[in-house]
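**Q** Whatever position you read off the sequence shown (first residue = 1), add 2 for the working numbering.
Ideal placement from N, C-alpha and C gives every residue a C-beta, glycine not left out.
Here it is, the structure in full.
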Amino acid sequence: MRADRLVAALLLMQARGRVTAAELAERLEVSVATARRDLEALSAAGIPVYPQPGRGGGWSLLGGARTDLTGLTAHEAQALFLLAGPSAPDAPELRSALRKLLRALPQTFRDEAEAAAGAVVVDPARWGEPDKERPELVRVLQRATVRRRRVRLVYEGRRDRERTERLVDPWGLVDKDDVWYLLAGTERGQRTFRVDRIAAAEVTEEEFERPDGFELSRAWAGVVEEMERRRSTVSATVLIPARLLPILRDHFGRHCESLGEAADGRVRARVAAPMALTIAEQLAGWGARVEVEEPDEVRAELARIGAELVERYGH
Numbered sequence: 003m004r005a006d007r008l009v010a011a012l013l014l015m016q017a018r019g020r021v022t023a024a025e026l027a028e029r030l031e032v033s034v035a036t037a038r039r040d041l042e043a044l045s046a047a048g049i050p051v052y053p054q055p056g057r058g059g060g061w062s063l064l065g066g067a068r069t070d071l072t073g074l075t076a077h078e079a080q081a082l083f084l085l086a087g088p089s090a091p092d093a094p095e096l097r098s099a100l101r102k103l104l105r106a107l108p109q110t111f112r113d114e115a116e117a118a119a120g121a122v123v124v125d126p127a128r129w130g131e132p133d134k135e136r137p138e139l140v141r142v143l144q145r146a147t148v149r150r151r152r153v154r155l156v157y158e159g160r161r162d163r164e165r166t167e168r169l170v171d172p173w174g175l176v177d178k179d180d181v182w183y184l185l186a187g188t189e190r191g192q193r194t195f196r197v198d199r200i201a202a203a204e205v206t207e208e209e210f211e212r213p214d215g216f217e218l219s220r221a222w223a224g225v226v227e228e229m230e231r232r233r234s235t236v237s238a239t240v241l242i243p244a245r246l247l248p249i250l251r252d253h254f255g256r257h258c259e260s261l262g263e264a265a266d267g268r269v270r271a272r273v274a275a276p277m278a279l280t281i282a283e284q285l286a287g288w289g290a291r292v293e294v295e296e297p298d299e300v301r302a303e304l305a306r307i308g309a310e311l312v313e314r315y316g317h
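Below is the structure:
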C-alpha cells in the first residue's frame, strides 16, 4: 500500500538523514520512478522534505526535522517492545525494525521502551530439550502471506497419509502450543492446514486479496471453537475427592467442569472428550479414586479396560 511506503520513506530519512531515490527503491522493493513519486508526494503533502542535487545529494528532512509517526502512547510503546523484544535476538529484521521505531518515538518514551525490549526472555524449550527453531516452511509461508502470493501445497492427509496438491491463498499463520497452522482461502472456502503435514510449498507469482473484513484472530477463534466442540462430543459425570479436582482439570483442560459438592463430601464434575473410550482411558489410571456416574458407555469401557488388565496381570 502506498501509505505504508510513505511512512517507511519518512522513517528511513529520519534514521539516515538523507536518502536517494535509488536507495529508497531498493529498500521498499519498488522502481526508482515509484520511489521518486513517493518522495515528491511527501513534499506536496506539506512535509518538509526536499531534494539536494549533485554528488552526495538525495532527499532530506528540512533542517533535520523529525516527527512522531507512531501515534503511540507511552504504555502502548512499552507493551509493543515487551512483546517484540523477546523475539528480537533471533530475528535480525525485527531488531532493525525496533531500532527504527525507537528513533521515531518521542524522546520521553525511548528509555522505557528500550528497557522494555530487554526486560523479558522467552525460552520455549523444555528442560533437557534442544533449542527450538521456527521451521523454514513457516518462514516461506509468512513471506507469501505478507506479499499476498498464492501457494501450491502438497498436503498429507491425517488418516490415509495420501498426498494431494492444492492451490491456496495464505491468509495467516497461527502458532498454538508449538504447532503451526495455516489459515487459507481455497476454492471451497476457508480451510486450516497443519504446517507439519505440508510436504512441500511453492510460492507462485499469482496475487490474491484477503476477504473484506477478514481478521486472523477472529477467524482463528472460530477454528478453536469448532475444534473444541468436536473434542467434547461425549461427556461423563464423575465423583472425585475435592483435593484431586485440580489434577482432573489438568487432564481435561477446559473440558472439565465442577458441578459442586456431593452428599458424601466428594466433588461432582463433568468431563468431556471426542469418544467414550477417550474418557475411559484418561480415568482408568485413577482406579477407585474416581467414580463414573454416567453414561453407561464410559462405565462399560472402564470395565473392559479393567478386565484386560486383570487378565494380563492378575496372576
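Determine the burial state of Asp171: buried for a count of at least 16 other Cβ atoms within 10 Å of its Cβ, exposed for fewer.
**A** buried
**Q** Span of the alpha helix (DSSP H) holding Glu211?
**A** Counting along the chain, Glu211 falls outside any alpha helix (DSSP H), and DSSP gives it neither H nor E.
**Q** Using the Cα positions of Ala24 and Ser62, report the straight-line distance between them to the nearest angstrom.
**A** 14 angstroms
**Q** With respect to the beta strand (DSSP E) encompassing Val225, which residues constitute its N-terminal and C-terminal limits?
**A** Counting along the chain, Val225 falls outside any beta strand (DSSP E), though it belongs to the alpha helix (DSSP H) covering 218–232.
**Q** What are the boundary residues of the beta strand (DSSP E) that Glu295 is part of?
**A** Note, Glu295: beta strand (DSSP E), 293–296.
**Q** So the beta strand (DSSP E) Thr171 belongs to, where does it begin and stop?
**A** The amino acid at residue 171 is misidentified as Thr; the sequence shows Asp. From DSSP, the beta strand (DSSP E) with Asp171 extends over 165–178.
**Q** Distance, Cα to Cα, Gly187 vs Arg136?
**A** 23 angstroms
**Q** For Ala35, count neighbouring C-beta atoms within 10 Å of its own C-beta (all shown protein chains included) and say buried if the count is 16 or more, exposed if not.
**A** It is exposed - the Cβ of Ala35 has fewer than 16 other Cβ atoms within 10 Å.
**Q** Which complete beta strand (DSSP E) runs does the region 245–307 hold, if anything under 3 residues is left out?
**A** 258–263, 269–275, 293–296
**Q** Which of the three DSSP states is assigned to Thr188 in this structure?
**A** Strand.
**Q** Taking a contact to mean a Cβ-Cβ separation below 8 angstroms, would you say Leu218 touches Gly287 in this structure?
**A** no
**Q** Out of Phe83, Arg154, Gln144, Arg105, state which residue places its alpha-carbon closest to the alpha-carbon of Gly120.
**A** Of Phe83, Arg154, Gln144, Arg105, the residue nearest in Cα terms is Phe83.
**Q** Taking 8 angstroms as the threshold (C-beta atoms), are Val140 and Val205 in contact?
**A** no
**Q** Just to confirm the assignment, what range does the alpha helix (DSSP H) spanning Ala46 have?
**A** Counting along the chain, Ala46 sits inside the alpha helix (DSSP H) bounded by residues 34–46.
**Q** Consult DSSP for Arg314 and reduce its assignment to one of helix, strand or coil.
**A** helix
**Q** What residue range is occupied by the uninterrupted beta strand (DSSP E) comprising Ala238?
**A** Unbroken beta strand (DSSP E) run through Ala238: 236–242.
**Q** With 16 as the cutoff for other CB atoms within 10 Å, does Asp1 come out buried or exposed?
**A** The chain is shown from 3 up to 317; residue 1 falls before or after that span and cannot be answered.
**Q** What first and last residue would you give for the beta strand (DSSP E) that runs through Glu158?
**A** 151–158
**Q** Could you tell me if Ile200 is buried or exposed, where buried requires 16 or more neighbouring beta carbons within 10 angstroms of its beta carbon?
**A** Buried is the call here.
**Q** Using a Cβ-Cβ cutoff of less than 8 angstroms, which residues in the same chain neighbour Arg165 once the five nearest sequence positions on both sides are dropped?
**A** Val156, Tyr157, Glu158, Gly159, Ala201
**Q** Please confirm whether Ser234 and Ala275 have their CB atoms less than 8 angstroms apart.
**A** yes
**Q** Taking the C-alpha atoms as reference points, what is the distance between Arg168 and Arg154?
**A** The straight-line gap from Cα to Cα measures roughly 6 angstroms.
**Q** Would you give the residue range spanned by the alpha helix (DSSP H) that Leu26 belongs to?
**A** 23–30
**Q** On the DSSP letters alone, give me the boundaries of the beta strand (DSSP E) that Pro53 sits inside.
**A** Counting along the chain, the beta strand (DSSP E) containing Pro53 begins and ends at 51–54.
**Q** Can you give the Cα-Cα distance for Asp180 and Arg151, rounded to whole angstroms?
**A** Distance between the alpha carbons of Asp180 and Arg151 is about 25 angstroms.
**Q** Touching or not, the region 240–250 and the region 291–303, by the rule of three or more beta carbon pairs under 8 angstroms?
**A** yes
**Q** Are the beta-carbon atoms of Ala271 and Glu303 separated by less than 8 angstroms?
**A** No, the pair does not count as a contact, with Cβ atoms beyond the cut-off.
**Q** Assuming contact is defined by CB atoms lying nearer than 8 angstroms, are Leu104 and Ala86 in contact in what I supplied?
**A** no
**Q** Taking a contact to mean a Cβ-Cβ separation below 8 angstroms, would you say Val236 touches His257 in this structure?
**A** no
**Q** Tell me whether Met15 is buried or exposed, calling it buried when 16 or more other Cβ atoms sit within 10 Å of its Cβ.
**A** buried
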